[in-house]
Each structure stands twice: as C-alpha cells, then as structure tokens.
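J.: Would you mind keeping the following structure in view while I ask a few things?
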Amino acid sequence: MAQIFPKSANAIARMSVYGAIFVLIFVGWAFDALNRSAYNTRAFMAREQPIPFSHAHHVGGLGLDCRYCHTSVESSSFANVPPTKTCMNCHSQIWSTSPMLEPVRASFRTGQSIRWTRVHDLPDFVYFNHSIHVAKGVGCESCHGRVDKMPLMWQHASLQMDWCLDCHRNPEKVLRPQAFITTMGYQPAGDQEEIGRRLMSENHIQDARVLTSCSTCHR
Amino acid sequence: MLLVAAATAACRQDMHDQPKYIPLRPTDFFADGRSARPLIEGTVARGHLDDDAAYYTGKGPDGKFTPEFPFPVTKEVVERGQDRFNIYCTPCHDSLGTGNGRIVRRGFRHPPSYHIDRLRQVPAGYLYDVITNGFGAMPDYSAQIQPVDRWAIVTYIRALQLSQNASINDIPADAKARLSQEGGQ
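Dropping the structure here:
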C-alpha cells in the first residue's frame, strides 16, 4: 500500500503544533481588541434622541453651566436629566413656535415625561457615584470629554473596568480645583503633576489600594 | 471563530440589567412610565414641614418681606452665593447683574438691572421670593435651587449692588490713605 501522507507532511504537522499556539494567541488578541473596541463599548456613537438637543449649542454656544440642568450631580450618586420645566425656563420665549421643540411643549402641557434615550449605562452590578468624583476634583470633562463640542451626546470613554482602574491608580493626573469642575477645555495653571499631588493631599484622596479594591465598586 | 467572538463580545447578560429600579429607569407599572413617583398632594416628607416661614418664604409673621437674612452672613455664604449665581442667573442677568446675559441677547425679555434704585431698596425677602416664585417673565427656580442656596444668592446680589454703587467713603480709612498715597506717586 502506498503511503497516504507524503514525507513533507511531517513538517506540516510540526508546524501546525506551533501554529496552533499562534492561532490561539491571535484569537485571544482579536477577542480582547473587539471587547475594547468602540463597536462593543458603543463609545463615540451618537444616539438618536426624541428632540435633537445639542450640548454644543447650549454649553459651547450659550455658555450654560452643566449644573444649570444636571442639578443633582454634586449632591447625589446620579446626575439627573433635566425635567421639561428647565427647558421651558428659556423656551417659553425662545424658539417658542419651532416645530423642533413641539415635543417639549407637549410634555409641558400634558405632564408626560420626555423619554430620552440613555447613552451611558453601567451594568447594574457596578456602584458608581457622581458626587464623590465631583467633590474630590474630577471634572466632567475627564470622563465625558468635550461635551461642548457634541451636537448629540455620545459616550467618550469605554466605561470598562480598566478605564475606572487606570484613573483610580493615578488620580493626580486629572484632579483640578473646584472652580473648574464643569469647565470644558481646562488647562492647568502650571504643572498638572504638581497641582494633582497638592489636591490629592488637600482632598484627602485615599490610597490606590483602597480605590482599586473590588468592594469599592462591586458592593 | 471571529463570528463567535463578535457574538459573545456584544452580548449583555442578565446581571447587567437586573430587574430593579435605578434612578431614571422607566417602569411599565404606572401609566406615565415614571419609576420615581411624584409626591401625592398634601403629603409632607420627613424634615420638610418647612414651618419656618421667614426662612422658606422670605415673609415675616406680618406677611411682609423680611429685610434681614435668616442666618449670619459670612464670607463663605457670599462665595457660595457667587458660585450659584454664576450657574443659574448669569445666563440672563450677566455676571454684574445688569441684565445683558447671553440668553437675553438671543431674544429673551430684558430684565431690569439690579442697580436701579427700586431693586436696591427692596427687602432681602423680596429677592428670595423672586427666585422661589419667579416674577413676570422670569421663571421660578424653586426646583433647581435649594432654599439655603437661594438665600446665599441673595447675599451675593446685595454684594453686587454694593460693589456697583460704592463711593470713596465706603473704603476703610487706612486703605483710603494708602490709595491716595499710591495714587499721588
């Protein structure tokens, strides 16, 4: 009987043993890259909203402070999305006949909430709290990016665990004085490392070991 | 292989969206879809009896606006007031209180300047009431600003009014001496 495999098959067999390792590594890498990719985390993806509300106009153009609308961000775990009344503060007079704003006026008339589409959504097993970050000097910009340049809201960060941990290990890279918490396009007056270190001790920021322990965020 | 990776990477398991209410999550139990329920009329939350009329309405027992502040005015209070004023009032009243804010320039009704005589004479309680209940075309800020911050804003408006109408006689004597010395050199 003739041999089924030619002699060269030995080389192929040997190569495929090593090759399998590379293939596995590649698959692992592909999985990881995909997992971190903007496609999976849905970062940088603007969401359709019932009203084309533009942060670029209201924050960038009109210079409104975030807290004019997101009033609870300093005092509670979550940042509220403003009620219709807040829009009507101005839109009772400005663009008060624009069809684009009809859903706002309808909501004000009927008392039905506007149903905004959620952009940021951490899994429910993660504990996140705005007030501590804002109180300790992490600006909105550090996590949400240049909101004043967003015609529609998108997510600026991956919101994955390694993103939180990266900062919890070295918060001095982002800390800023209280007066600039909502400032967009903030430039530190001097050396960020130095300012950050000073704020670390002034604000009594805890040790990285505490901030990266599992029960800080999974409680 | 890649397809499997794509399918699993994008999949969200049950523990990501647990059947519980977190802030802003809608419900289909109530017809209006709100999981955070509005207060039923006539109920009073604990600690919100608000029976200190002067503090919560700016009006004294005789129904007139109080001229005084319900707590001592310190530097911290005025600074807090400045901070809040810049967030909530400058869009229309601008940072000096002259009423030329950006929203006004886009067509909102022009508010009066804080530095007219009438508004310098009004009692503090009146300014508090304007923030709480609005005035004419001005919206009310009772939902956005807590009472303690409303009073803080009033202290800052008073500071603004003083600063815009200061005369040479308001400067303490030693500072005045220094000023005329340095001015003369």
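Chains A and B, in that order, are what the protein sequence lines are. Sequential numbering of the first sequence, starting at 1, is according to the numbering used here. Sequential numbering of the second sequence, starting at 1001, is according to the numbering used here. Just so it is clear, CB atoms sit at the ideal spot from N, CA and C, and this is done for glycine as well. Predicted model only: the values in this text are computed from it and were never measured.
Look up A:F22 in the DSSP assignment and say whether it is helix, strand or coil.
T.: Counting from one through the first sequence, the residue named residue 22 of chain A turns up at place 22. Of the three classes helix, strand and coil, the one that applies to A:F22 here is helix, per DSSP.
J.: Under 7 Å between beta-carbons, which chain A residues line up against B:A1045? List them in chain order, please.
T.: As a first step, residue 1045 of chain B is located in the second sequence; it is residue number 45 there, counting from the start. The contacting residues do not exist; B:A1045 stays about 16 Å from chain A at best.
J.: Rounded to whole angstroms, what is the Cα-Cα separation between A:M153 and A:N129?
T.: Within the first sequence, the letter at position 153 stands for residue 153 of chain A. Within the first sequence, the letter at position 129 stands for residue 129 of chain A. Cα to Cα, the separation comes out at about 20 Å.
J.: Is there contact here, the region 192-207 of chain A with the region 70-78 of chain A, by at least three beta-carbon pairs under 8 Å?
T.: No, because fewer than three Cβ pairs between the region 192-207 of chain A and the region 70-78 of chain A fall closer than 8 Å, the two stretches do not touch.
J.: Quick check: what's the CA-CA separation for B:D1129 versus A:M150?
T.: By one-based count along the second sequence, residue 1129 of chain B stands at place 129. By one-based count along the first sequence, residue 150 of chain A stands at place 150. If I take the Cα positions, the gap works out to 36 Å.
J.: Using a Cβ cut-off of 9 Å (strictly closer), state whether A:M88 contacts chain B.
T.: Working through the first sequence from its first residue, we reach residue 88 of chain A at position 88. By this cut-off, A:M88 is an interface position.
J.: Since B:G1099 meets chain A, which of its residues come closer than 7 Å, beta carbon to beta carbon?
T.: In the second sequence, the residue the question calls residue 1099 of chain B occupies position 99. Result: empty, since nearest Cβ-Cβ is about 15 Å, beyond 7 Å.
J.: Here's the rule: buried if 16 or more other CB atoms are within 10 angstroms of the residue's CB, otherwise exposed. What is A:I21?
T.: Residue numbering aside, residue 21 of chain A sits at position 21 when the first sequence is read from its first letter. Exposed, since its Cβ has fewer than 16 Cβ neighbours within 10 Å.
J.: Spatial neighbours of A:A208 within its chain, please: C-beta separation below 7 Å, excluding the five flanking residues on both sides.
T.: Stepping through the first sequence from its first residue, residue 208 of chain A is reached at position 208. Cβ within range, chain order: H168, R169.
J.: For A:Q49, which residues from the same chain have a beta carbon less than 8 Å from its beta carbon, with the 5 sequence-adjacent residues on both sides left out?
T.: For the purposes of this step, residue 49 of chain A is taken as the residue at position 49 of the first sequence. Only W116, T117, L152, M153 meet the Cβ criterion.
J.: So what's A:F53 in DSSP terms, helix, strand or just coil?
T.: Taking the first sequence and counting its residues from 1, the one referred to as residue 53 of chain A is at position 53. DSSP places A:F53 in coil when its eight states are reduced to three.
J.: What does B:K1059 pair with, by DSSP beta-bridge criteria?
T.: The count along the second sequence starts at 1 and reaches residue 1059 of chain B at position 59. The partner list for B:K1059 (beta bridge, DSSP) reads B:F1065.
J.: Give me, in chain order, the residues of the same chain whose beta-carbon lies closer than 7 Å to that of B:R1102; leave out the 5 immediate sequence neighbours on both sides.
T.: As a working note, residue 1102 of chain B is residue 102 in the second sequence. Contacts found: P1091.
J.: What's the gap between the Cα of B:Q970 and the Cα of B:L1127?
T.: No information on residue 970 of chain B is available, as it lies outside the stretch 1001 to 1185 that chain B covers here.
J.: How would you call B:A1124, buried or exposed, if buried means at least 16 neighbouring beta carbons within 10 angstroms?
T.: The sequence position of residue 1124 of chain B within the second sequence is 124, counting from 1. Under this definition B:A1124 is a buried residue.
J.: Once you ignore the five residues that flank A:S131 on each side, which residues in its own chain have a CB closer than 8 Å to its CB?
T.: Walking along the first sequence from the start, residue 131 of chain A turns up at place 131. Same-chain partners within the cutoff: V73, E74, S75, S76, S77.
J.: List, in order along the chain, the chain B residues whose C-beta lies closer than 7 Å to that of A:T71?
T.: As a position in the first sequence, residue 71 of chain A is number 71, starting the count at 1. Here the neighbours are Q1144.
J.: To which residues does DSSP link B:F1135 through a beta bridge?
T.: Along the second sequence, one-based indexing puts residue 1135 of chain B at 135. Answer is B:M1138.
J.: Could you tell me the alpha carbon to alpha carbon distance between A:A189 and B:S1142, rounded to whole angstroms?
T.: Here residue 189 of chain A refers to the residue found at position 189 when the first sequence is read from its first residue. Here residue 1142 of chain B refers to the residue found at position 142 when the second sequence is read from its first residue. Using only the alpha carbons, I get a separation of about 36 Å.
J.: Which residue wins for smallest C-alpha separation from A:H144, given the options A:C66, A:S8, A:S92?
T.: As a working mapping, residue 144 of chain A is identified with position 144 in the first sequence. Of A:C66, A:S8, A:S92, the residue nearest in Cα terms is A:C66.
J.: Comparing the C-beta of A:Y68 with each C-beta of chain B, is any distance below 9 Å?
T.: Here residue 68 of chain A is taken as the residue at index 68 of the first sequence, counted from 1. Output row for A:Y68: interface = yes.
J.: Whole angstroms are fine: how far does the CA of B:K1020 sit from the CA of B:G1097?
T.: Counting from 1 along the second sequence, the entry for residue 1097 of chain B is found at position 97. Counting from 1 along the second sequence, the entry for residue 1020 of chain B is found at position 20. One C-alpha to the other measures close to 46 Å.
J.: For A:E141, is the classification buried or exposed, using 16 other Cβ atoms within 10 angstroms of its Cβ as the cut-off for buried?
T.: Taking the first sequence and counting its residues from 1, the one referred to as residue 141 of chain A is at position 141. Flag for A:E141 reads buried.
J.: Quick one: give me the first and last residue of the alpha helix (DSSP H) that B:L1049 is part of.
T.: Start at 1 with the first residue of the second sequence, and residue 1049 of chain B comes out as number 49. Here B:L1049 belongs to no alpha helix (DSSP H), and DSSP marks it neither H nor E.
J.: Return the first residue and the last residue of the alpha helix (DSSP H) that A:H133 is part of.
T.: To locate residue 133 of chain A, count along the first sequence from 1; it is residue 133. It spans 130-135 - the alpha helix (DSSP H) in which A:H133 sits, taken as one unbroken run.
J.: What residues in its chain sit with their C-beta under 8 Å from that of A:A106, if we drop five residues either side in the sequence?
T.: One-based indexing of the first sequence puts residue 106 of chain A at position 106. Cβ neighbours of A:A106 beyond the five flanking positions: Q112.
J.: If you follow the alpha helix (DSSP H) that B:F1085 is in, where does it begin and where does it stop?
T.: As a first step, residue 1085 of chain B is located in the second sequence; it is residue number 85 there, counting from the start. Here the alpha helix (DSSP H) through B:F1085 covers 1075-1088.
J.: With 9 Å set as the bound, which would you pick, yes or no: does the beta-carbon of A:P123 sit closer than that to a beta-carbon of chain B?
T.: For this step, residue 123 of chain A is matched to residue 123 along the first sequence. It does; some Cβ of chain B falls within 9 Å.
J.: Output needed in chain order: residues of the region 136-155 of chain A with a Cβ under 9 Å from some Cβ in chain B.
T.: Answer set for the region 136-155 of chain A: empty.
J.: Mind listing, in chain order, the continuous beta strand (DSSP E) runs of no fewer than 3 residues lying wholly within the region 1096-1166 of chain B?
T.: Runs found: none.
J.: For B:G1184 and B:D1174, what's the separation of their Cα atoms in angstroms?
T.: Locating residue 1184 of chain B in the second sequence gives position 184, counting from the first residue. Locating residue 1174 of chain B in the second sequence gives position 174, counting from the first residue. With a pLDDT of 43 at B:G1184, under the threshold of 50, the modelled position of this residue cannot be trusted; read the value that follows with caution. The alpha-carbon atoms of B:G1184 and B:D1174 are separated by roughly 15 Å.
J.: Given a cut-off of 9 Å, decide if B:D1149 and B:G1063 are closer than it, judged by their beta-carbon atoms.
T.: Sequence index remark: in the second sequence, residue 1063 of chain B carries index 63 (1-based). Sequence index remark: in the second sequence, residue 1149 of chain B carries index 149 (1-based). In this structure, B:D1149 does not lie closer than 9 Å to B:G1063 by Cβ.
J.: Quick one: what's A:A43 bridged to in DSSP?
T.: As a working mapping, residue 43 of chain A is identified with position 43 in the first sequence. Bridge partners of A:A43: A:Q155.
J.: List the residues of chain B that A:G63 touches, going by C-beta distances under 7 Å, in chain order.
T.: Locating residue 63 of chain A in the first sequence gives position 63, counting from the first residue. Simply R1102.
J.: Go through its chain and collect everything with a Cβ distance to B:F1085's Cβ below 6 Å, but skip five positions before and after it.
T.: For this step, residue 1085 of chain B is matched to residue 85 along the second sequence. So the list reads I1153, Y1156, once near-sequence residues are dropped.
J.: Against chain B, which members of the region 97-122 of chain A pass a CB distance test of less than 8 Å?
T.: Answer set for the region 97-122 of chain A: G111, Q112, S113, R115, R118.
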